[in-house]
Structures are given as C-alpha cells and as structure tokens.
Amino acid sequence: GNAAGVAWELLGVGGELAKKLGVELCAIVIGDNVKHLCDEAFSYGASKAYLVDDPVYKNYRTESYYKAVCNLVRKYKPEIVLVGATGLGRDLAGAVATDLLTGLTADCTGLAIDDKGFLLQTRPAFGGNIMATIMTEKTRPQMSTVRPHVMPMPPCDHAHKGTVIVEPSPVKENDILVKVLQIIEDSRQGADAIDVSAADVIVSGGRGMLSKENFGILQELADQLGGVVGCSRAAVEAGYMPVERQVGQTGKTVRPKIYIACAISGAIQHLVGMQDSDVIIAVNRDHHAPIFEVATYGIVGDVFQVIPALTKRLKDLKKQKVAC
Ligand code: FAD
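Following the working numbering, the numbering of the sequence shown begins with 441 at its first residue and continues without gaps.
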C-alpha cells in the first residue's frame, strides 16, 4: 500500500523529460486498494495516473504486474517508461521490456533528451571505468531503471491535482500460476538492519581501517552526529563490514547531507554511489587520493588520529552547550 520513494524521484526527472518532449507526465499505479497513491503521484508532479486496482495485485508477482503494465503501454503508447531499480522494479522492468520487445537500460545515473527527441540514458559501464550513454532508437517505449537516491526528490505540492484513469485488470487470479502462501519478514537485527541509503549522515570506512574492531571509532563519530556507518567494497571483502553497508556501484547509492569518507581512496565505483552527497568530508593520508577530487573538505592525515579528535571535539562542544 506504500510506494517506494524512488517512484517520486522518477516523477521529478520524468517531469523534466516530459517538458522537453512536450508530452504529459503520467504515473502507473497498480495494487490492491491503492487509489490514494494516485493523489500522492499528483503531488509529485504527475498530471494523470493510470490505476489498476484489484485484489490480484495485493502481492507483487511478476506475471500479474508485467501483464498489467504491458496492457497499459500497448493502449496508451508512452514515449518513455521509467521504473525504480528496487528488487521488484528490476524484475518488473525486465519482464515488461522483454514482452514489448523494446530496449531497457538498467541503473541509469543520468537521463536527458537530445535534439532529435531520443532519451539519452547514461550509466557506468565496463566496471564503472567509463560512463556510457545508451539510446533506444528503433523501438518504443524507451525504458530505464534508476536506483533510489540517484535523482533528487522533487518538491511535494498537495494542491497539485490530476486525472485518475481507472483501467480494468487484464488478469484473473486463476490465470496466475504463482501463489503467495506466506510472507516471512526479514528478521535480521542490529548492523544488518540499518539502511545506509536512508541516513542523513554517513561515516564510511575503507580498507585503510585495517580491522573490524577499528570501525568502532567510526561508529563513535557517527553516534555523535546521529548518523550510521557505511563502507567501501574493499572493507566488505576484507570482512570488516556486512555487504548491506557497502556504498557504490554494486552497493547502495546514497545522498546524505554529510558523507565522511575515512581511509577510502575514491575509486570510481565508490564515487558513483556517493558523489551526490550534499557535503563530502574525506580523511586520507595520501593527498593524491582521488576522493579529494569530489570532497567539499579534505583532511590529509591518519584516520586513527583525525577521527578520535573530531569525536572528542564534538563531545566537548555538546558539553559546552549543556553547560550554557
Ligand atoms: P583502497 O583503494 O585500498 O584505499 C584505501 C585508502 O586508505 C588509500 O587511499 C590509503 O591512502 C588510505 N589509508 C590507508 N591507511 C590510512 C590511514 N591510517 N589514514 C588515512 N588514510 C589511510 N568499491 C566500492 O567501494 N563500492 C562498490 O560498489 C564497488 N563496486 C565495484 C564494482 C566493480 C565491477 C568493480 C570492478 C569494483 C568495484 N568496487 C567497488 C571496488 C573499487 O574499484 C575499489 O577497489 C574499492 O572502492 C577500494 O576500496 P577502498 O578505497 O576502501 O580501498
């Protein structure tokens, strides 16, 4: 009954594309009792919402959802279809593109319209070493998935209204072979349960942290700032942190207010996951480290001296504030 935030982020970038093409910005809303999501889509800029509301869509199943989307696409012929690259979104977009025999560019980091009206879909390629711009010239719709937090969240205006187009479901329960028998909640607690992509402050550590235990100093700093601890892939591979905390191309994309990169070199695959953070503070003893190229503030020094000093200073400032 809730939409993933990335859906609204896509309405933001979708609005810019629609304006450039001179077409409408529409939302597809599928589910069981989800009419309220049409209003939410209007407040993020959609002028129309195609609603397919039926108990058959209570739980996500590839077959029912892709048939519903394909039915709408064949009827209304959109130029572009954007899908959030969540687990379910990736599954859905692939099935829809396959059925429609059209192209799909996964995990785009940039979307624009060229002079001829084609969608320019930019994404990292060859292990992140180049940015490739991909076009779907011969088939329609042009389809892209975009990961959460890659595009900025557009402003929400509850006064903005639109039109709901109610569409009947093209599938019946008996047509669907897959049945959902039970949903088992992910019961992992503690470190693994923290969602780095939702945090406002992230203190991330890399290979230079040298051990799992040393991440404790990053946790202390994160606690002072009300943030969470993230890491590079090298830190995951070394067994210092769980993969859920990894930031980057094959980890999470983050857009926090403050990102503190500690002993992280700044490989391109790490940068694509964090370079849109509002403020980036890099601590590295190598002043040539590429992380300094994206950093707002750079501290050339040893993390084992700099981080405890920052934490102490924050604690002192808080004490002074309480004393006042
Ligand atoms: P290193 O590159 O080894 O850097 C360690 C840094 O710590 C150095 O700059 C060093 O100067 C500094 N340092 C060491 N000791 C100290 C100290 N005491 N004080 C201060 N500084 C110190 N990487 C990701 O992070 N996320 C991804 O999602 C990701 N996806 C990838 C996908 C593909 C297809 C490929 C090929 C690679 C991917 N990588 C990813 C790996 C990436 O290329 C780098 O190998 C990785 O980011 C390096 O991690 P790091 O910066 O922690 O380690």
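For each residue, glycine too, the CB sits at the ideal point set by N, CA and C. Here the structure is a predicted model, which means the values were calculated and not measured.
Pairwise C-alpha distance: residue j and residue i
i           : j           : result
residue 658 : residue 641 : 12 Å
residue 662 : residue 539 : 46 Å
residue 708 : residue 550 : 16 Å
residue 576 : residue 451 : 20 Å
residue 601 : residue 462 : 19 Å
residue 489 : residue 554 : 26 Å
residue 476 : residue 737 : 43 Å
residue 514 : residue 507 : 10 Å
residue 397 : residue 484 : With the chain covering 441 to 764 only, the question about residue 397 has no answer from this structure.
residue 639 : residue 608 : 39 Å
residue 763 : residue 744 : 29 Å
residue 535 : residue 464 : 24 Å
residue 482 : residue 598 : 8 Å
residue 675 : residue 645 : 7 Å
residue 749 : residue 594 : 38 Å
residue 531 : residue 682 : 24 Å
Exposure label - residue i; buried when at least 16 CB within 10 Å
i           : result
residue 567 : exposed
residue 710 : buried
residue 596 : exposed
residue 565 : exposed
residue 495 : exposed
residue 648 : buried
residue 713 : buried
residue 480 : buried
residue 572 : exposed
residue 579 : exposed
Same chain, Cβ closer than 8 Å to residue i, five either side skipped, listed in chain order
i           : result
residue 473 : 441 and 493
residue 529 : 444, 446, 523 and 585
Those residues which DSSP pairs with residue i across a bridge
i           : result
residue 497 : Beta-bridge pairing links residue 497 to no other residue.
residue 538 : Note: residue 538 sits in no beta bridge, so no partner.
residue 511 : None; residue 511 has no bridge partner.
residue 561 : 551 and 574
residue 698 : 641 and 719
residue 388 : Lying outside 441 to 764, the shown extent of the chain, residue 388 is not represented and no answer is given.
residue 734 : According to DSSP, residue 734 bridges with nothing at all.
residue 545 : 584
residue 490 : 468 and 605
residue 669 : 643
Cβ-based neighbour list, residue i, same chain, cut-off 7 Å, excluding 5 preceding and 5 following
i           : result
residue 637 : 588, 589, 692, 693 and 694
residue 447 : 524
residue 439 : The structure shown has nothing for residue 439, since the chain only spans 441 to 764.
residue 677 : none
residue 468 : 490, 509 and 512
residue 689 : 564, 568, 709, 712 and 713
6 Å Cβ shell around residue i - same chain, five flanking residues per side excluded
i           : result
residue 732 : 722 and 738
residue 604 : 478, 489 and 491
residue 546 : 585
residue 460 : 553
Check: residue i C-beta below 7 Å from any heavy atom of the ligand SAM
i           : result
residue 704 : The ligand SAM is absent from the structure shown, which contains only the ligand FAD.
Closer than 8 Å to chain D by CB, residue i
i           : result
residue 701 : Reference to chain D is not applicable here, since this structure consists of a single protein chain.
Runs of beta strand (DSSP E) wholly within the region 568-613 (minimum 3 residues, chain order): 570-574, 582-586 and 603-606
Runs of alpha helix (DSSP H) wholly within the region 448-488 (minimum 4 residues, chain order): 476-483
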